[in-house]
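Shown next, in structure tokens, is the structure this report addresses.
Numbering (my numbering), first residue to last: 46 to 278.
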């Protein structure tokens, strides 16, 4: 070993020792624990990113009914576009929501198998959540353009589905969209709430939303849904 190399090697050794010592004092990043319940909620048309007003009211009501259970919330990541005149753009935002929600359902089931999943949505978000449960791709919809249905075993991880103001077939048909059919594996665990006079979900053809479509946080229906869901957890 030459005299020139000795200081360099000593320097490396000293740095290695210090790095090892410092590492012992640095907190390690701990994996987040799995929650007892994971709410995956799709907001309504035009609402800002997050779970929206109906979604937050539902989550608050649910938390008040589940005792000490931990409840995490995942807001479905999609545009919730209100551009109904552009049928392709509207279809794409719904497809994006289905893909994101379905993907998160599957990742939660895989990474936190004991977590009970609650799937929900309001208005356009209810369409997204409803389609996520579908057992098959709707007739006439190209299979290459939409996500495949969830694997059957995933239904075992989903405790309940809560849909508020889900667009009726009369409403979706005017925009060329298929009817929203809840899959058989999810039907018994799904609660669908439609306020009186809500023309988006009550089967009234045509027209825009009425005031009733915005009343779910104050008309008692979020509490009704929370009670249904809490009873299945």
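Ideal Cβ placement from N, Cα and C applies to all residues, glycine included.
Given the structure is predicted, the values throughout are model-derived calculations rather than measurements.
Is the beta carbon of residue i sitting closer than 7 Å to the one on residue j?
i	j	result
residue 171	residue 209	yes
residue 207	residue 274	yes
residue 195	residue 85	no
residue 94	residue 117	no
residue 238	residue 259	no
residue 199	residue 154	yes
residue 255	residue 242	yes
If residue i and residue j are in contact, beta carbons under 8 Å, what's the gap, nearest whole angstrom?
i	j	result
residue 127	residue 98	With 8 Å as the limit, residue 127 and residue 98 do not qualify as a contact, their Cβ atoms being about 15 Å apart.
residue 87	residue 146	6 Å
residue 96	residue 120	5 Å
residue 228	residue 180	4 Å
Can you grab the Cα-Cα spacing for the pair residue i / residue j, in whole Å?
i	j	result
residue 82	residue 205	11 Å
residue 107	residue 223	31 Å
residue 101	residue 188	33 Å
residue 123	residue 176	14 Å
residue 142	residue 169	10 Å
residue 131	residue 247	24 Å
residue 262	residue 103	8 Å
residue 267	residue 240	11 Å
residue 244	residue 133	23 Å
residue 272	residue 236	10 Å
residue 115	residue 161	10 Å
residue 69	residue 77	Residue placement at residue 69 is flagged as unreliable, the pLDDT there being 38, under the threshold of 50; the coordinate-derived value follows with that caveat. About 21 Å.
residue 73	residue 110	The predicted model places residue 73 with a pLDDT of 35, which falls under 50 and marks its position as unreliable; any figure quoted below should be read in that light. For residue 73 and residue 110, the distance between alpha carbons rounds to 35 Å.
residue 125	residue 166	11 Å
residue 277	residue 182	27 Å
residue 250	residue 129	15 Å
residue 184	residue 211	20 Å
residue 152	residue 202	11 Å
residue 252	residue 186	25 Å
residue 257	residue 89	14 Å
residue 158	residue 213	33 Å
residue 219	residue 105	34 Å
On the DSSP bridge assignment, give the partners of residue i in chain order.
i	result
residue 85	119, 164
residue 236	207
| Between the segment 131-144 and the segment 189-203, are three or more C-beta pairs nearer than 8 Å? | Counting Cβ pairs under 8 Å, three or more are found: they touch.
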